[in-house]
Amino acid sequence: MPAVDECHAPRCVVCGEPLPAGSRSNTCSPECRQERRRQSWRAYYCRRQEADPEHNRRRHARRRERLLADPQLLADHRARERERERARMRDPQYRQRARAHARTRYARDAQRVQARRREIAAILPPQEADRRREQSRAHGRRYRRKWRRRLWADAGAHRAYKRQMAEYRRRAALRNLVGVVAPILAERRDKLEE
Ligand SMILES: [Zn+2]
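Residue 206 is where the sequence shown ends in our numbering, and the numbering goes up by one at each step.
Pasting the structure below:
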């Protein structure tokens, strides 16, 4: 009776599909095997964390010490991390989350972040400081170029922007005029009062 056979056939522990006859694995496919590994790693991780909440902190501190003691290791590590981050940033959702996070953090800690930047800039060798300044300017130029292109592509936004700028210039001119006229009026008043 094939139906009964199928009922008792061993099944994949992840998705529950019957396993191919004679299979010695408890999963049906590379995807399920990967998922199974993930699950058991997660379970192990949780058990370990529960048994020793400080485990990760200690491990991280040890790793950091090792890296800081070895410039080559540190450079390799940083290059690897940059590459990983670049790969993650290709995912639009990740990019959006990362940017939102950076904005919130900056809004919260702007003063601290700026103070820290000044501190770092002060101790950098002049060449490195120049390199970073140029890098940051290049970043600004790229950002503004992108921003202009987006604005040009959106006729409504472009009109709104032009209106806003016209208003801004009008107010600046008015302020300027007040700056020129006010001292003249004040002088006249003083003369009249004399
Ligand atoms: Zn499966």
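Don't be surprised by glycine CBs; every beta carbon is placed ideally from N, CA and C.
May I ask you to report which of helix, strand or coil DSSP gives residue i?
i           : result
arginine 36 : coil
arginine 23 : strand
proline 137 : coil
alanine 81  : helix
proline 65  : coil
leucine 197 : helix
Is any non-hydrogen atom of ligand 1 found closer than 7 Å to the C-beta of residue i, if you look at the structure I gave you?
i            : result
serine 37    : no
serine 41    : yes
glutamate 29 : yes
valine 125   : no
cysteine 58  : no
Which residues in the same chain have their Cβ closer than 6 Å to the Cβ of residue i, if we skip the five residues on either side of it in sequence?
i          : result
alanine 21 : Pro30
proline 14 : Low per-residue confidence applies at proline 14: pLDDT is 48, beneath 50, and the placement is therefore not dependable, though the value from the model is reported in the following sentence. For proline 14, where only same-chain residues beyond five positions count, there are no Cβ hits under 6 Å.
Please say whether residue j and residue i have beta carbons closer to each other than 8 Å?
i            : j            : result
cysteine 27  : cysteine 40  : yes
tyrosine 155 : leucine 163  : no
leucine 79   : histidine 89 : yes
serine 52    : arginine 45  : no
valine 25    : arginine 49  : no
For my contact list, residue i and residue j are in at a C-beta cut-off of 8 Å; report their separation, rounded to the angstrom.
i              : j           : result
methionine 101 : alanine 114 : About 12 Å separates the two Cβ atoms, so there is no contact after all.
alanine 122    : alanine 133 : The pair is not a contact, with the Cβ atoms about 16 Å apart (cut-off 8 Å).
Going along the chain, which residues of its own chain have a beta-carbon closer than 8 Å to the beta-carbon of residue i, five neighbours each way excluded?
i           : result
glycine 168 : none
At a cut-off of 7 Å, would you count residue i as near ligand 2, judging by its Cβ distance to the nearest heavy atom?
i              : result
tryptophan 164 : Inclusion of ligand 2 in the displayed structure is not the case, the ligand content consisting of ligand 1 alone.
Residue i CB to nearest chain C CB: under 8 Å?
i           : result
alanine 110 : No chain C is present in this structure, which holds just one protein chain.
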